[in-house]
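Student: These protein sequence lines map, in sequence, to chains R and A.
When we follow our numbering, the leftmost residue of the first sequence carries the number 1, and every step to the right adds one.
When we follow our numbering, the leftmost residue of the second sequence carries the number 1001, and every step to the right adds one.
Where is the CB? At the ideal position from N, CA and C, for every residue including glycine.
As the structure is a computational prediction, the values presented were derived from the model and not from experiment.
Protein chains: 2
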Amino acid sequence: MDDYPPTARTKVRRLPKRGSYDKLAVHAILDEGFVCHVGFAVDGQPYVIPTVYARAEATLYIHGSAVSRTLRTLTRGVPVCITVTLLDGLVLARSAFHHSLNYRSVVMIGTARLVDDRNEKMTALARITNHVVPARWEEARMPSELELRQSSVLALPLEEVSAKIRRGPPVDDEDDYALPIWAGVVPVETRLGSPIDDGRVLLGVAAIDLTRFRRRAPSGE
Amino acid sequence: MDDYPPTARTKVRRLPKRGSYDKLAVHAILDEGFVCHVGFAVDGQPYVIPTVYARAEATLYIHGSAVSRTLRTLTRGVPVCITVTLLDGLVLARSAFHHSLNYRSVVMIGTARLVDDRNEKMTALARITNHVVPARWEEARMPSELELRQSSVLALPLEEVSAKIRRGPPVDDEDDYALPIWAGVVPVETRLGSPIDDGRVLLGVAAIDLTRFRRRAPSGE
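1) Below 8 Å on the Cβ atoms is my contact criterion, and I expect R/A54 with R/D172 to pass it. Report the Cβ-Cβ distance as a whole number of Å.
2) Contact criterion: CB-CB distance below 8 Å. Does A/A1217 meet it with respect to chain R?
3) Interface residues of chain B around A/E1189 at Cβ under 7 Å?
4) What did DSSP end up calling A/D1022 once you bin it into helix, strand or coil?
5) So does the region 157-168 of chain R actually touch the region 1170-1188 of chain A, counting three or more Cβ pairs closer than 8 Å?
6) So, A/C1036 versus A/V1078, is the Cβ gap smaller than 8 Å?
7) Would R/A178 be called buried (16 or more neighbouring beta carbons within 10 Å of its own) or exposed?
8) Do you know offhand how far A/T1007's Cα is from A/Y1021's?
9) Chain R beta carbons: is any one of them nearer than 8 Å to that of A/G1184?
10) Which two residues bound the contiguous alpha helix (DSSP H) that contains A/L1148?
11) Going by the beta-carbon positions, is the gap between A/Q1045 and R/I82 smaller than 8 Å?
12) Please report how far the alpha carbon of A/L1060 lies from the alpha carbon of A/D1175, in whole angstroms.
13) Residues in its own chain within less than 8 Å of R/K11 by CB, not counting five upstream and five downstream?
14) Which chain A residues are close to R/G39, counting only those with a beta carbon under 7 Å from its beta carbon?
15) Quick one: measure Cβ to Cβ for A/V1052 and R/L101, integer angstroms, because I've assumed they're closer than 8 Å.
16) If you compare alpha carbons, which of A/E1032, A/V1115 and A/R1014 is closest to A/L1156?
17) Using the Cα positions of A/E1223 and A/V1133, report the straight-line distance between them to the nearest angstrom.
18) Is the beta carbon of A/W1182 less than 8 Å from the beta carbon of R/I208?
19) Can you tell which of R/V67, R/H27, R/V153 and R/P170 has the C-alpha that lies nearest to the C-alpha of A/R1013?
20) Along the chain, where does the beta strand (DSSP E) containing A/H1037 start, and where does it finish?
21) Does the beta-carbon distance from R/L154 to R/I49 come in below 8 Å?
22) When the Cα atoms are used, what is the spatial distance from A/L1125 to A/A1056?
23) Of all the CB atoms in chain A, is at least one closer than 8 Å to the CB of R/G220?
24) Report the rounded CA-to-CA distance for R/R9 versus R/V106, giving the unit in angstroms.
25) Mind checking R/P170: buried by the 16 CB within 10 Å criterion, or exposed?
26) Using three-state DSSP, classify A/R1099 as helix, strand or coil.
27) Give the list of continuous beta strand (DSSP E) stretches no shorter than 3 residues that lie fully inside the region 1136-1216 of chain A.
28) List the residues of chain A that R/H131 touches, going by C-beta distances under 9 Å, in chain order.
29) Please name the residue in A/R1191, A/T1123 and A/P1180 whose C-alpha comes closest to that of R/L202.
30) Rounded to the nearest angstrom, what separates R/W137 and A/F1040 at their Cα positions?
31) Could you compute how far the alpha carbon of R/A112 sits from the alpha carbon of A/T1211?
32) Alpha carbon to alpha carbon, how far is A/L1015 from A/D1117? Give it in angstroms, no decimals.
33) Who are the neighbours of R/I177 on chain A, taking C-beta pairs under 8 Å?
34) Short of 8 Å in beta carbon distance, which residues of its chain neighbour A/S1151, apart from the five on each side in sequence? Order them along the chain.
35) Within 10 angstroms of its Cβ, does A/R1149 collect 16 or more other Cβ (buried), or is it exposed?
36) Could you tell me which of R/A58, R/V38, R/N130 and R/H98 sits nearest to R/R166, measuring between CA atoms?
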């Protein structure tokens, strides 16, 4: 697959070797995350709201109910920045200055529009549901027309996109390697725990099988 | 402890029962997170950048190098929104509509300033380092004057702050409890893995002890 062409707004300037515009790298990060942070501005004041999302080819759909109150007056679309961050490790160097985090993040910039079309909205909600729990849409009770109207979905075309990745051990100044200080990486792992039913599951209904989830990589360094 | 008074910009309007302005609740979330997402706007275009942070009483300090390129032209401070989100669980309802996430988030709004004062910058960097790895500042090699100049710290006074928390099982429509569909919570756990040294640690230097970290709660529901 090819790259998202870097623009003045997405080019990674600080520590550019951490930047990537490769679509495979970008999509792998998006497909692993559960939550994105949506940034938008109202009268110059930025807001950053967490929400669920899914990618469908070159479009990012987000569940927009948390932001739609603010955005629904905007019929022509609204400039947004949507960021997904996966934390992989704490990087402990010998010097305070070289401490860091191992992470993979994607920053997406553009103009989001409210999804009005009923079919597109259903498809987007299916994608978002199945992004969090694969194949869940096919077993859950479908939305009623009222629920569909109460749901709010925003779409962002993936055009200005960049990934930033740091991995591996700390990098200390050469002189500092002589210091008797432990240095390395403490992995941060995101795992799914044992399902807890809600106490009203009908007899004979099997608990959700964790193997159906996308593997939550014990990511380490 | 008392509350952050809700303002027009921080009042939780959608699902208000999930909102909290209690300082203890807010600070507990801030003290558990590793990464915040900083939102700021340039010429009306929002940007959302992940970075490390620490709270010092009623001030949030963030490591600003990733955003300072854009912000350093602004000497009078810049409107920001800084959000910290902890994901605790996937909430599976019987209806697609009532699927949700269990999470704890804090949204902080205000005007951030660049920290110029050398002593305040040192103190803030110590707080940020020790927020990620408790007591690390006291054992690491201190920043040189050059490293200090190369570091960039932003300070946000905690004034307009709100927390939003969802916990517990899904809430289905009463009719849907008769459906033979599993419903409940799949906990999402954030854990620290075994430390991986960088291969150049001096003989006799003990590996970092994970018990010194703030407990990463197996948070579940």
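Tutor: Taking the geometry as given:
1) Along the first sequence, one-based indexing puts residue 54 of chain R at 54. Along the first sequence, one-based indexing puts residue 172 of chain R at 172. The pair is not a contact, with the Cβ atoms about 40 Å apart (cut-off 8 Å).
2) Locating residue 1217 of chain A in the second sequence gives position 217, counting from the first residue. Any reading at A/A1217 must be qualified, since the residue scores a pLDDT of 45, below 50, and its modelled position is unreliable; no value is offered.
3) Protein chains in the displayed structure are R and A, and chain B is not among them.
4) Position 22 of the second sequence holds residue 1022 of chain A. Here A/D1022 sits in strand by DSSP.
5) no
6) For this step, residue 1036 of chain A is matched to residue 36 along the second sequence. For this step, residue 1078 of chain A is matched to residue 78 along the second sequence. In this structure, A/V1078 does not lie closer than 8 Å to A/C1036 by Cβ.
7) Numbered from 1 along the first sequence, position 178 holds the residue referred to as residue 178 of chain R. Counting Cβ neighbours within 10 Å, R/A178 comes out exposed, since fewer than 16 surround it.
8) Here residue 1007 of chain A refers to the residue found at position 7 of the second sequence. Here residue 1021 of chain A refers to the residue found at position 21 of the second sequence. Cα-Cα distance, rounded: 10 Å.
9) Counting from one through the second sequence, the residue named residue 1184 of chain A turns up at place 184. A/G1184 counts as touching chain R.
10) Position 148 of the second sequence, counted from the first residue, corresponds to residue 1148 of chain A. Segment E1145 to Q1150, the alpha helix (DSSP H) holding A/L1148.
11) Counted from its first residue, the second sequence places residue 1045 of chain A at position 45. Counted from its first residue, the first sequence places residue 82 of chain R at position 82. No, the pair does not count as a contact, with Cβ atoms beyond the cut-off.
12) Looking up residue 1060 of chain A in the second sequence gives position 60. Looking up residue 1175 of chain A in the second sequence gives position 175. Cα-Cα distance, rounded: 46 Å.
13) Taking the first residue of the first sequence as 1, we reach residue 11 of chain R at position 11. These residues qualify, in order along the chain: G19 and S162.
14) Stepping through the first sequence from its first residue, residue 39 of chain R is reached at position 39. In chain order: G1039, P1046, Y1047 and V1048.
15) To locate residue 1052 of chain A, count along the second sequence from 1; it is residue 52. To locate residue 101 of chain R, count along the first sequence from 1; it is residue 101. About 7 Å; that satisfies the 8 Å criterion.
16) Residue numbering aside, residue 1156 of chain A sits at position 156 when the second sequence is read from its first letter. When only C-alpha atoms are compared, the closest one is A/V1115.
17) Absent from the model: residue 1223 of chain A. The displayed extent of chain A is 1001 to 1221, so no value can be given.
18) Reading the second sequence from its first residue, position 182 is the one you call residue 1182 of chain A. Reading the first sequence from its first residue, position 208 is the one you call residue 208 of chain R. Yes, the pair counts as a contact, with Cβ atoms nearer than the cut-off.
19) By one-based count along the second sequence, residue 1013 of chain A stands at place 13. Comparing Cα positions, the closest option is R/V67.
20) Translated into positions along the second sequence, residue 1037 of chain A becomes position 37. From DSSP, the beta strand (DSSP E) with A/H1037 extends over C1036 to V1042.
21) As a position in the first sequence, residue 154 of chain R is number 154, starting the count at 1. As a position in the first sequence, residue 49 of chain R is number 49, starting the count at 1. No, these two residues do not count as a Cβ contact at 8 Å.
22) As a working mapping, residue 1125 of chain A is identified with position 125 in the second sequence. As a working mapping, residue 1056 of chain A is identified with position 56 in the second sequence. Going by the C-alpha atoms only, they are around 11 Å apart.
23) Position 220 of the first sequence, counting from 1, holds the residue named residue 220 of chain R. For R/G220, the predicted model reports a pLDDT of 42, less than 50, meaning its position is unreliable; a value from the coordinates is still stated below. At least one chain A Cβ lies under 8 Å of R/G220.
24) Reading the first sequence from its first residue, position 9 is the one you call residue 9 of chain R. Reading the first sequence from its first residue, position 106 is the one you call residue 106 of chain R. R/R9 and R/V106: Cα-Cα distance of roughly 13 Å.
25) By one-based count along the first sequence, residue 170 of chain R stands at place 170. Buried, by the Cβ-count rule.
26) As a first step, residue 1099 of chain A must be located in the second sequence, where it is residue number 99. The displayed chain sequence assigns His, not Arg, to residue 1099 of chain A. Note: A/H1099 maps to coil in three-state DSSP.
27) 1153-1157, 1160-1166 and 1184-1192
28) Here residue 131 of chain R refers to the residue found at position 131 when the first sequence is read from its first residue. Residues of chain A passing the Cβ test: none, with the nearest at roughly 11 Å.
29) Taking the first sequence and counting its residues from 1, the one referred to as residue 202 of chain R is at position 202. Of the listed residues, the one whose Cα sits closest to R/L202 is A/P1180.
30) As a working note, residue 137 of chain R is residue 137 in the first sequence. As a working note, residue 1040 of chain A is residue 40 in the second sequence. Their Cα atoms are separated by approximately 35 Å.
31) The residue you call residue 112 of chain R lines up with position 112 of the first sequence. The residue you call residue 1211 of chain A lines up with position 211 of the second sequence. Answer to the nearest angstrom: the Cα atoms are 44 Å apart.
32) As a first step, residue 1117 of chain A is located in the second sequence; it is residue number 117 there, counting from the start. As a first step, residue 1015 of chain A is located in the second sequence; it is residue number 15 there, counting from the start. Distance between the alpha carbons of A/D1117 and A/L1015: 42 Å.
33) The residue you call residue 177 of chain R lines up with position 177 of the first sequence. It should be pointed out that residue 177 of chain R corresponds to Tyr in this sequence rather than to Ile. Under the 8 Å cutoff, chain A gives R1200.
34) Within the second sequence, the letter at position 151 stands for residue 1151 of chain A. Here the set comprises H1063, S1065, K1121, L1125 and P1143.
35) Sequence index remark: in the second sequence, residue 1149 of chain A carries index 149 (1-based). So A/R1149 ends up on the exposed side.
36) Here residue 166 of chain R is taken as the residue at index 166 of the first sequence, counted from 1. For R/R166, the nearest C-alpha among the options comes from R/H98.
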